[in-house]
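Report on one structure; see the data block that follows.
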Amino acid sequence: MIPGLNIQVKGTNRGTQTDANGTYSINVPASGATLVFSFVGMGRREVVVGNQSVIDVQMKNDASQLSEVVVTGYGQNNRREFAGSVASISPAKIKDQPIASFDQLLQGQAPGVLVIANSGQPGSAASIRVRGSGSVNGSNTPLYIVDGIQIEAAAFQTINPQDIESLTVLKDAEATAIYGSRGANGVVVIQTRRGKAGKTRVSYDGQYGRSYFPKNRLELMNSNEKIDYELRRGGTDLEKLSADEITKLRAIDTDWQKEIFQVGTTQQHQLSATGGSESVLFYVSGNLFSQTGTVKGTDLNRYTGRINLESNSGPLRFGLNSTVGYSIQNFQTEANTGIASPLNAIRWANPYEKPYNADGSYTQLRSGQPNPVRELKETSRQFNELKTVANIFAEYDLSFLKGLSVRTNWGVDYSNQEQQIYNSRFGQAGTGSAVKGRQGRLSRDFYKNTRFTGTTSINYSNTFGDHSVRIGLYNELVRFKYGNFGFTGYGLSGILQNEAGITQNNANQIPDTRGDGIDNALLSYFTTATYGFKNRYYLNLNARRDGSSRFGSAYRFANFGSIGASWVITDEPFMQGLTSGVLNNLRLKASYGSVGNQEGIGSFASLAIFQARGSRTSQTISSYDGNSTVILTQLENPDLRWEQKNTFNAGIEFGLFSKRITGGVEVYNSVTKNLFLNDQLSRTTGFNSINRNVGELQNRGIEIGLNTINVQTGDFSWETNINFTLNRNKILKLTPTTPERGIISGTVINKVGYPINSNWLVEYVGADPQTGAQQFRKLNGELTTTYDPNDAQIFGPREAPYFGGFTNTLRFKGLELSALFTYAFGNNIYNNDRSNVEIPDYYADNVSRALLTEWQKPGDITNIPNPNLPHQTAITHFLEKGDFMRLRNLTLSYSLPSALMRQAKMSSARIFFQGQNVLTFTKFQGFDPEITGGQLTGAQYPALRTFMVGLGLGF
Amino acid sequence: MKRFISILSLVFGLGVTACDDRLNLNPQQSVDAATALASAQDIQSALVGAYGVSAGFLGGGLADAELYGTNLNLLPELLASDNYIGWRGTFQGYREVSSRQMLATNSEAQRTWITAYQVINIANSVLESLDKVTDAGQKQAFEGEAHFLRGIMYFELVRLFALPWGASAGNSQPGVPILLRATRTQEQAAETQARNTVAEVYTLVLDDLKKASTQLPEDNGLRADKYSALGFLSRVYLQQSDYANALATANQIIKSGNFRLNANVTTVFRSKNTAESIFEIQENTQNNPGTSNDGLTTFYASIPANGSAVGRGDVQVLNAFVEQYDLTDARRTALFYIGVKGGGTRYYTGKWTDFGTNIPVIRLSEILLTRAEANLRLGSAVGASPAEDLNAVRERAGLKPIANPTVEDVLRERQLELAFEGLRIHDLKRTRQSAGTFAWNDPKLVLPIPKREIDANNKLVQNQGY
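From first to last, the protein sequence lines are chains A and B.
Just so we're aligned, residue 42 is where the first sequence starts under my numbering, counting upward by one.
Just so we're aligned, residue 353 is where the second sequence starts under my numbering, counting upward by one.
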């Protein structure tokens, strides 16, 4: 018996699933109906109904992916007929991971999908790149679709991963064609759980665990080292202290990390019920997720509820999927260089200082650096979100023509957010110069996001002998509106530490207000068609016309399309002899097509725009001498148009040795044309740059996925799943004004022939043994101690070109042990965090232990230069390899035997133990090598190391 | 089939709710430039924009840190730091300027360049939109204000980014590119331009400021007026050693009777728009160039406040300079203090002590000293005798008068009176004195043309030594 097996009436969208006992019922048309049974990992069977009223099917464990259903959000395709490139991720594999933002769970699960966690802050989103970055100035973030409607990317803390039924990543032009105007960066399609007919099935899942801070690989000086270092260099406060006082300081050796880190806890409880009859199906769930981070004062509490309802009456299917969530996130700033960020302050605070005086008051650090503990405790940052994602759909089978149906789906992603930042008058941030009156500050900002998606389609699907066709005509509208309002008040000097305590009517403490808004729309008309012949030759065609409000009227609309073909070789008669023993499955597919991108540029990027300027201190709409002002901030750009990504994809899928080995290899070549690029202008024009469609960017790669059943004997099995991706990114064409030199911004360059955002630094070759000056290599190879930015060269890409994951799963009876390793390598990261503690000028604060080996006298051979000479940081000394491999997830679970379950009147029970980020192998000098953007700026909040126990019960 | 078509139209009627009109959206939070400079009110808004402070997005005005908010004061001071001030801060851009070891990528040179040209672009836009102004008086005032903005920006640019006036015969050394039209289209934005000569830039500056001084009203609220233009004009003439015109201009300002010295040397820095002030940048707690990473107070101040400090204390005043003041000089007793930074051993200037107070750019003492110097050099006594003008400044500071002053006396007084106000390197250059070991015309005392500019405009020639 298989609960959750999909059953569909062939050629229609009508379907159901088996209940907990593996039974189902479904209404079929009077004659000629065929039922399609499918289940992920079990393949697919078709049974002609005829006169049967009960159809029992035996599903085979079919590790081949060939028979899987491909969920694209607009309907389901059989994988065999689908020429596009997709990766399906089994929710069962990821749903237990103790992470609030589901995008982080995709790491290492699918070839071609690079997931970098970036932060361990509870609720934070990951950075995801599908087959590399295809845009420089536009967005590189994939599109997220939940039940057919677009949801805000990188804002998932209020979405419950446990409600996910299927997760599919669409990668090439063919697969993303139906999202053409938004699909250039790949599409993550999520379907939430549908009701399952039959006896109502109630499940409880709960887990509890603890999180720990990882090892710090950037070592700083301890008290003795730092005191000796300062005394040797001279010039700091310590000079003035007596020998006695110095001795006392030496006795202090504060571990600042311990002062602000804690053991985090995570718990999650989910209660769900599913059931119904064939005419009404329901799924309801409630979930509570609570996580405290490893930095004090960071946590996430989330409450979500979901109702999915579906009604089937005759030819009409009608349904509603809706979720409401509320999350409260307390957070700390990260990824910045601000001195008041506790995660920076722990680096820079000297170990011979203490957080508290004997009387319990905060200490004032000698160097003037903020006391990390004080800043942590006297500042609170909170982000609340109320989010609802809901859609209704109606589908109608038209009786006069078999296989013809119409469908409309309308939905909204709505969120209301509130962010509060409070700096009390007892912290340095609340008494700093940026705080008017220096008596505390309270900021509150409200945000409202609304995105409607409406899709209406007419579909036809039928089979005529050897020929099968499926055609859909679609119209789609996506409308996005965003607005925010905020204020900052000062002078919280009284008892009330909220809005009521803000000082009013004081010319030196004028509250600031601010507001902004975004408005854009997309309109699309498209068609998709699939033709199949003899169940083994398939042709896919897509054509579409997309309009975006972001462009001027002349270039608003653009056409995109794709063509693909799939050939199931093993179904050829001439292959029959071969397929039995060795080769069970062999399929070839290829596609070529184009999709557009317009995300990431301003809503009114084509217009010349005057803006009311903000003031530097408070970001308010501002004035000069009491007069309101506007300033021209954007040059007109009537020629701005769609960025277009053309992708060629070819793949082979195979199954060998009775499907003990299955897998696939895909190669792709995608070229983004009309690339949005900031064409640098001479600033004598009054403008910096203009966003033009001038470049071309290529991503080429190969993806390998392999699944092997290494051992399968009796009750024991060992399965391995491996995926690997190589992505080569290269700029083919740049703006005509800067072809050979490239576009340089700081330590990053975009240059023809190199990956986007390559590191642009001067090569460092150690300290000059004679003077201790930093030595650099000039372009002609000579060494020099004179730094010249013209000597900068390209040093590697910032985005990892090689990445993937592998999972080993061992099963014995009810026991299962599974280990997921993920890895990424080949990228270089500029370690600004390290640079900050190696700059010798900053030695009044704590510095890197590396400075113990600095140049002191002629003849010293070292990498660390003479601290008294000029010090450059845009050099390769601070560039490090970003390679890492980590044991991302280790799970040991035990499912209780069903005999026992029956006695307990339960359908299932499972207990598990799991570890997240158990081991990390890297040489990167920081807390965590998972960093996006190629630079570790500072204040890093690393991924959590979490250990959980959990329980799943089914009734 | 008929039925099919009707269902099809029903379905698409539902979906295609409104056709392409759905994509016609207009910005709500900003103004399309096509309609932005259509009335006198709009033009005034844009003009005021040229004074303001911006953050977060492109664009800045006179009050911003790139211009008078910080750099047009601080860079001329740091370039002449010898025996005067010491840079104690961590910002690499300023450190390079202070040590005269600037790289072509110097961040301060870069941001001052772009912002000055943004103001010039606003001025040019206003000049091109004047036909929208119907009131003749208002039109003339706007025109004068635009010429003022453009004139002073070119003056600041040519002084910082080019070898000084007089460095070559005929001043044919490269100045900065002159743009006299607004950039409105992509084609205009793509045009690049070579550097004009220093002589050409000065000609433009004089032309703009002369126009401004006749077109601007006597009183223009708290923005530039006729006397602001005359004040800058006197600076330009002085920089060219055109003492006769410097004298005439300075005399015109003083003779107007609109300005008088405050009784106290601190008043002009503590209060707003005092009687002494001729051109002043308006600031308040909401509009200022910065309180933690930018702004004169941020860099110059180091005052204890609530357990921390006002200012970063980055610009230390060297003891040697403080000691040049007489012990009883009010400018020593009231305008220096020992800062928090440096453990109570360093002097800091008391001129910039509050983030929200105004920044006087031109004040009467300067104009008095200009008239005194010019009269001395010309052997005249137009308006007043050199001694009268010099002693007015000295006596206000509580010093004894000098009966028969020399040019050196006036120049010395100028250094003491106008210290930390952004005049020092320019005065050294025009009087051909060295800044430490750097001769007045040393290329090391000239900022680099930003590398980013050279990259984007291959017609630009880099300054010597970069």
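Idealized CB from N, CA, C, for every residue including glycine.
Start and end residues, alpha helix (DSSP H) containing residue i
{"i": "asparagine 603 of chain B", "result": "595–607"}
{"i": "valine 878 of chain A", "result": "873–879"}
{"i": "serine 165 of chain A", "result": "Here serine 165 of chain A belongs to no alpha helix (DSSP H), and DSSP marks it neither H nor E."}
{"i": "glycine 317 of chain A", "result": "Where glycine 317 of chain A is concerned, there is no enclosing alpha helix (DSSP H), although the beta strand (DSSP E) it sits in stretches over 305–317."}
{"i": "leucine 272 of chain A", "result": "264–274"}
{"i": "serine 565 of chain B", "result": "550–567"}
{"i": "phenylalanine 500 of chain B", "result": "488–513"}
Residue environment, residue i, which counts as buried when at least 16 other CB atoms sit within 10 Å
{"i": "tyrosine 397 of chain A", "result": "exposed"}
{"i": "alanine 602 of chain B", "result": "buried"}
{"i": "proline 516 of chain A", "result": "Note that residue 516 of chain A corresponds to asparagine in the displayed sequence, not to proline. Answer is buried; the Cβ neighbour count reaches 16."}
{"i": "valine 430 of chain A", "result": "buried"}
{"i": "alanine 415 of chain B", "result": "buried"}
{"i": "aspartate 294 of chain A", "result": "exposed"}
{"i": "aspartate 285 of chain A", "result": "exposed"}
Whole-angstrom distance between residue j and residue i, CA atom to CA atom
{"i": "asparagine 265 of chain A", "j": "methionine 454 of chain B", "result": "37 Å"}
{"i": "leucine 931 of chain A", "j": "valine 959 of chain A", "result": "7 Å"}
{"i": "tyrosine 843 of chain A", "j": "serine 222 of chain A", "result": "28 Å"}
{"i": "proline 356 of chain A", "j": "valine 171 of chain A", "result": "39 Å"}
{"i": "leucine 431 of chain B", "j": "asparagine 873 of chain A", "result": "29 Å"}
{"i": "glycine 736 of chain A", "j": "serine 180 of chain A", "result": "15 Å"}
{"i": "glutamine 298 of chain A", "j": "glutamate 416 of chain A", "result": "14 Å"}
{"i": "tyrosine 579 of chain A", "j": "glutamine 49 of chain A", "result": "21 Å"}
{"i": "glutamine 88 of chain A", "j": "asparagine 353 of chain A", "result": "Sequence inspection shows valine at residue 88 of chain A; the glutamine mentioned does not correspond to that position. Straight-line Cα distance between these residues: approximately 22 Å."}
{"i": "leucine 802 of chain A", "j": "phenylalanine 817 of chain A", "result": "10 Å"}
{"i": "glycine 513 of chain A", "j": "leucine 427 of chain A", "result": "36 Å"}
{"i": "leucine 718 of chain A", "j": "serine 632 of chain A", "result": "28 Å"}
{"i": "glycine 346 of chain A", "j": "serine 363 of chain A", "result": "8 Å"}
{"i": "glutamine 145 of chain A", "j": "phenylalanine 962 of chain A", "result": "19 Å"}
{"i": "isoleucine 731 of chain A", "j": "leucine 532 of chain B", "result": "21 Å"}
{"i": "phenylalanine 866 of chain A", "j": "glycine 366 of chain A", "result": "37 Å"}
{"i": "glycine 558 of chain A", "j": "leucine 537 of chain A", "result": "32 Å"}
{"i": "tyrosine 446 of chain B", "j": "glycine 817 of chain B", "result": "18 Å"}
Contact test: residue i Cβ vs the ligand MG heavy atom, cutoff 7 Å
{"i": "asparagine 809 of chain B", "result": "With respect to the ligand MG, the structure shown offers nothing to examine, as it has no ligands at all."}
First and last residue of the uninterrupted beta strand (DSSP E) at residue i
{"i": "phenylalanine 790 of chain B", "result": "Phenylalanine 790 of chain B -> no beta strand (DSSP E), and no H or E assigned at all."}
{"i": "phenylalanine 651 of chain A", "result": "650–652"}
{"i": "threonine 209 of chain A", "result": "205–211"}
{"i": "leucine 933 of chain A", "result": "925–936"}
{"i": "valine 759 of chain B", "result": "Valine 759 of chain B -> not in any beta strand (DSSP E); alpha helix (DSSP H) instead, spanning 759–769."}
{"i": "glutamate 744 of chain A", "result": "730–754"}
{"i": "asparagine 715 of chain A", "result": "702–721"}
{"i": "tryptophan 439 of chain B", "result": "437–439"}
Residue i - partner residues in DSSP beta bridges
{"i": "leucine 994 of chain A", "result": "A:Tyr245, A:Ala950"}
{"i": "serine 498 of chain A", "result": "A:Arg448, A:Tyr515"}
{"i": "serine 484 of chain A", "result": "A:Ile462, A:Thr529"}
Legend entry - Inside the segment 938–984 of chain A only - alpha helix (DSSP H) runs reaching at least 4 residues: 939–944
Inset, instruction - Can you check the segment 769–852 of chain A for any beta strand (DSSP E) of at least 3 residues that lies completely inside it and give the ranges in chain order? - result: 784–786, 789–791, 799–802, 805–808, 815–818
Legend entry - Uninterrupted beta strand (DSSP E) stretches inside the segment 563–627 of chain A (no shorter than 3 residues): 578–589, 598–609
Inset, instruction - Could you tell me which uninterrupted beta strand (DSSP E) segments, each at least 3 residues in length, are contained entirely in the segment 120–198 of chain A, listed from first to last along the chain? - result: 127–130, 154–157, 168–171, 184–187, 190–192
Legend entry - Ranges of the alpha helix (DSSP H) found wholly within the segment 661–714 of chain B, counting only runs of at least 4: 671–674, 682–685
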